[in-house]
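Quick note on numbering that gives the first Met the number 0: the sequence shown kicks off at 0 and runs consecutively.
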Amino acid sequence: MVLCLLTILLPELRPIIQIEGGKLMSSDINGLYRRVIYQNNTLIDLLATSRSTLGELVMCQKKLVQEAVDTLFDNEICGQSIRDGHNKVYK
């Protein structure tokens with residue numbers, strides 16, 4: 000299956016809330032979306048910078064995009080769950 004567009008959950012379903020001390024806390028899925036966006040933007044930049052970019056580098060970045068999307072759909076698909084800064088598994 001090839002995805003060209005990725006549906007994003009509504010903000011109400013992945014809230015960012017302010018906790019004591021003015022710190023922000025967000026839903027775990029926001030971090031997974033952030034990872035997909037970062038990896039995809041890196042791939043776009045890599046493809047746009049030069050046509051002479053090494054094919055191996057592009058393939059590696061494509062794999063990172065695929066892993067980010069796979070993790071978004073199923074956090075344990077790559078063998079090891081993504082964890083936050085407190086070593087808690089994303090849900």
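We put the beta carbon where it would ideally sit given N, CA and C, even for glycine.
Query raised in the report: Nearest to Lys-62 by CA position, among Asp-73, Val-35, Thr-48 and Lys-87, is which residue?
Result: The residue you call residue 62 lines up with position 63 of the sequence shown. Checked all of Asp-73, Val-35, Thr-48 and Lys-87; the closest Cα to Lys-62 is Val-35.
Query - Check whether Ile-7 and Tyr-32 have beta carbons under 8 Å apart - result: For the purposes of this step, residue 7 is taken as residue 8 along the sequence shown, with counting starting at 1. For the purposes of this step, residue 32 is taken as residue 33 along the sequence shown, with counting starting at 1. Cβ atoms of Ile-7 and Tyr-32: closer than 8 Å.
**Report entry** C-beta atoms of Gln-60 and Leu-45 nearer than 8 Å
**Finding:** Stepping through the sequence shown from its first residue, residue 60 is reached at position 61. Stepping through the sequence shown from its first residue, residue 45 is reached at position 46. Taking 8 Å as the Cβ cut-off, Gln-60 and Leu-45 qualify as a contacting pair.
Query raised in the report: Skipping 5 residues on each side, what residues in its chain have a beta carbon closer than 6 Å to that of Met-24?
Result: In the sequence shown, counting from the first residue as 1, residue 24 sits at position 25. If we look at Met-24 and ignore the five residues flanking it on each side, its Cβ neighbours are Ile-16 and Ile-18.
Report task. Return helix, strand or coil for Ile-18, following the three-state DSSP convention. Result -> Position 19 of the sequence shown, counting from 1, holds the residue named residue 18. In this structure, Ile-18 counts as coil in the three-state DSSP scheme.
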